[in-house]
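Visitor: Can you keep this structure in mind? I'll have questions shortly.
2 protein chains.
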Amino acid sequence: MISQKAKYALRALSALARGEEGRPLQISEIAATQNIPKKFLEQILLDLKREGIVRSLRGKQGGYLLLRPAAEITFGEVLRIIDGPLAPLPCLSITAYRRCDDCDGELSCEIRHVFHRVAEAERAVLFSATIADGIHLADRAVAEAPEPVDG
Amino acid sequence: MISQKAKYALRALSALARGEEGRPLQISEIAATQNIPKKFLEQILLDLKREGIVRSLRGKQGGYLLLRPAAEITFGEVLRIIDGPLAPLPCLSITAYRRCDDCDGELSCEIRHVFHRVAEAERAVLFSATIADGIHLADRAVAEAPEPVDG
DNA sequence: TTATACTCTACTAATTTGGTAGATTTATCA
DNA sequence: TGATAAATCTACCAAATTAGTAGAGTATAA
């Protein structure tokens with residue numbers, strides 16, 4: 274399971290991506306429309322800012338903007354920023370490799386090989402899917418849904 | 274990341290799979306050879322027993338045995354028993370589906386569609402890989418490793 | 001009948017998760 | 001120039017989870 278925080282981050286980015294190009298969205302607007310606790314969202318957006326995903330404007334008329342097009346922000350990088358390493362085992366992490374201290378050899382480890390495959394499968398999806406894709410998939414699903422019969 | 278407990282469970286099952294057919298392995302043997310805290314391993318094996326993965330014999334000469342061949346125990350089912358639902362979102366879990374309370378529609382959710390793909394990719398690996406596969410991959414990797422030059 | 005090995009229940013310390021609270025800084029507008 | 005609106009920063013907190021320990025109880029084989 275990904276954390277609630279990561280969910281909020283991805284949904285906040287979707288909101289920013291849906292916003293008007295160039296017009297900043299304020300924390301409270303995003304919090305209200307996406308049902309995210311405002312003070313929590315503040316922290317999340319600061320994290321995303323530090324990592325170069327969004328930028329901010331202070332003062333009246335301030336708010337947040339995407340720093341890159343939504344089609345260039347992947348789920349994988351956002352998840353890494355918010356939840357940390359994606360790998361299922363520390364010894365398989367690209368960004369935070371750490372030997373398992375109870376394990377006595379990565380070659381002979383009976384679970385590492387299998388989880389290596391898991392990690393690759395996950396990464397293939399997470400780094401090919403972008404915020405823009407998420408929006409597109411959602412919009413298409415809604416458009417293709419059977420019309421609710423009225424009456 | 275999977276939990277330490279899940280790692281222990283999978284390695285304990287590998288140990289049982291490597292053991293002599295029909296000869297039970299004791300908790301303390303497994304704990305010693307696999308570097309697992311004994312009392313913690315006790316609990317893990319009880320969980321696996323309750324879920325029909327292993328069986329136990331009490332008293333002298335007692336111990337644990339696999340209830341099914343190692344080639345029929347998948348990583349996925351073990352992970353589910355120890356760590357709970359595999360899905361990245363509660364609304365994507367097969368065994369523990371739960372609506373996201375802050376989300377107002379699964380079709381229109383911008384992150385669900387992407388994570389649905391992640392979940393499928395993960396499951397494809399986790400439910401095709403068995404304890405026997407893990408052992409086989411490890412043994413092959415060791416056999417194929419370049420001989421360490423002695424001298 | 002006793003030693004051995006599994007079983008059960010309870011407890012605990014440390015970390016992570018999912019937030020709140022409040023003071024501060026910066027920019028805009030009147 | 002001063003009020004106001006917005007982001008920023010630091011600190012705190014409760015609940016849940018993780019990774020175990022402790023110890024008494026129970027079944028069984030020799």
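So the protein lines, in turn, are chains A and B. The numbering of the first sequence is the working numbering, which starts it at 274 and goes up by one. The numbering of the second sequence is the working numbering, which starts it at 274 and goes up by one. Ideal Cβ positions, reconstructed from N, Cα and C, are used throughout, including at glycine.
Can you confirm whether alanine 402 of chain A, when its beta carbon is compared against all beta carbons of chain B, has any partner nearer than 9 Å?
Guide: Closer than 9 Å to some Cβ of chain B, the Cβ of alanine 402 of chain A qualifies, so yes.
Visitor: Using a Cβ-Cβ cutoff of less than 7 Å, which residues in the same chain neighbour arginine 291 of chain A once the five nearest sequence positions on both sides are dropped?
Guide: Result list for arginine 291 of chain A: Ile408, in chain order.
Visitor: Look at the alpha carbon of glycine 357 of chain A and the alpha carbon of methionine 274 of chain B, and state the distance between them as a whole number of angstroms.
Guide: Each residue's alpha carbon lies about 10 Å from the other.
Visitor: Taking the alpha helix (DSSP H) that serine 301 of chain A belongs to, which residues open and close that run?
Guide: It spans 300–307 - the alpha helix (DSSP H) in which serine 301 of chain A sits, taken as one unbroken run.
Visitor: Where does valine 422 of chain B sit, in a helix, a strand or coil, going by DSSP?
Guide: Note: valine 422 of chain B maps to coil in three-state DSSP.
Visitor: So, is glutamate 393 of chain B buried or exposed, given that buried needs 16 or more other C-beta atoms within 10 angstroms?
Guide: With fewer than 16 other Cβ atoms within 10 Å, it is exposed.
Visitor: Taking the beta strand (DSSP E) that glycine 336 of chain A belongs to, which residues open and close that run?
Guide: From DSSP, the beta strand (DSSP E) with glycine 336 of chain A extends over 336–339.
Visitor: Bridge partners for valine 428 of chain B per DSSP, in chain order?
Guide: Nothing about residue 428 of chain B can be read from this structure; chain B reaches only from 274 to 424.
Visitor: Check whether the Cβ of valine 327 of chain A lies closer than 9 Å to any Cβ atom in chain B.
Guide: So, not an interface residue.
Visitor: How long is the line joining the alpha carbons of cysteine 364 of chain B and isoleucine 384 of chain B, rounded to whole angstroms?
Guide: Cα-Cα distance, rounded: 11 Å.
Visitor: At the level of alpha carbons, what is the spacing between aspartate 412 of chain A and serine 381 of chain B?
Guide: Approximately 6 Å, taken between the alpha carbons.
Visitor: Look at leucine 410 of chain B and valine 387 of chain A and say whether their C-beta atoms are less than 9 Å apart.
Guide: Yes, they are a contact pair.
Visitor: Can you pull the chain B residues whose beta carbon is under 7 Å from the beta carbon of arginine 284 of chain A, in chain order?
Guide: Glu383 and Ile384, listed in chain order.
Visitor: Could you please tell me which residues of the segment 408–420 of chain A, in chain order, have their CB closer than 7 Å to any CB of chain B?
Guide: Of all residues in the segment 408–420 of chain A, Ile408, Leu410, Ala411, Ala414, Val415 and Ala418 have a Cβ within less than 7 Å of some Cβ in chain B.
Visitor: Do you know offhand how far glycine 332 of chain B's Cα is from phenylalanine 400 of chain B's?
Guide: Those two C-alpha atoms are separated by around 35 Å.
Visitor: Which residues does DSSP list as the beta-bridge partners of threonine 368 of chain A?
Guide: The partner list for threonine 368 of chain A (beta bridge, DSSP) is empty, contrary to what the question assumes.
Visitor: Can you say whether leucine 298 of chain B is buried or exposed, counting buried as having 16 or more other CB atoms within 10 angstroms of its CB?
Guide: Leucine 298 of chain B comes out buried.
Visitor: Between glutamate 350 of chain B and glutamate 395 of chain A, how many whole angstroms is the CB-CB distance? I'm expecting something under 8 Å.
Guide: 19 Å between Cβ atoms; not a contact.
Visitor: Could you tell me whether the Cβ of aspartate 375 of chain A comes closer than 9 Å to any Cβ of chain B?
Guide: Interface residue, yes.
Visitor: Taking Cβ positions, are isoleucine 300 of chain B and tyrosine 281 of chain B nearer each other than 9 Å?
Guide: Going by C-beta atoms, isoleucine 300 of chain B is not nearer than 9 Å to tyrosine 281 of chain B.
Visitor: Going by beta-carbon coordinates alone, are leucine 283 of chain B and leucine 339 of chain B separated by less than 9 Å?
Guide: Taking 9 Å as the Cβ cut-off, leucine 283 of chain B and leucine 339 of chain B do not qualify as a contacting pair.
Visitor: What span of residues does the alpha helix (DSSP H) with aspartate 412 of chain B cover, start to end?
Guide: First-last of the alpha helix (DSSP H) with aspartate 412 of chain B: 404–417.
Visitor: With a 10 Å radius around its C-beta and 16 neighbouring C-beta atoms as the bar for buried, classify valine 327 of chain A as buried or exposed.
Guide: Buried, since its Cβ has 16 or more Cβ neighbours within 10 Å.
Visitor: Listing by chain order, which chain B residues have their CB less than 9 Å from the CB of lysine 280 of chain A?
Guide: Simply Leu362, Cys373, Asp375, Cys376 and Ile384.
Visitor: To the nearest angstrom, how far is the alpha carbon of alanine 344 of chain A from that of alanine 285 of chain A?
Guide: Each residue's alpha carbon lies about 15 Å from the other.
Visitor: Tell me which residues share the same chain as lysine 311 of chain B and place their Cβ nearer than 7 Å to its Cβ, disregarding the 5 neighbours each side in the sequence.
Guide: Excluding sequence neighbours, lysine 311 of chain B sits near Ile300, Ser301 and Ala304.
Visitor: Give me the chain A residues within the contact set of aspartate 423 of chain B, using Cβ-Cβ distance strictly less than 7 Å, ordered along the chain.
Guide: Chain A residues near aspartate 423 of chain B: none, gap ~18 Å exceeds 7 Å.
Visitor: Using 9 Å as the threshold, is the C-beta distance between valine 398 of chain B and valine 398 of chain A below it?
Guide: Not in contact: valine 398 of chain B and valine 398 of chain A (Cβ atoms no closer than 9 Å).
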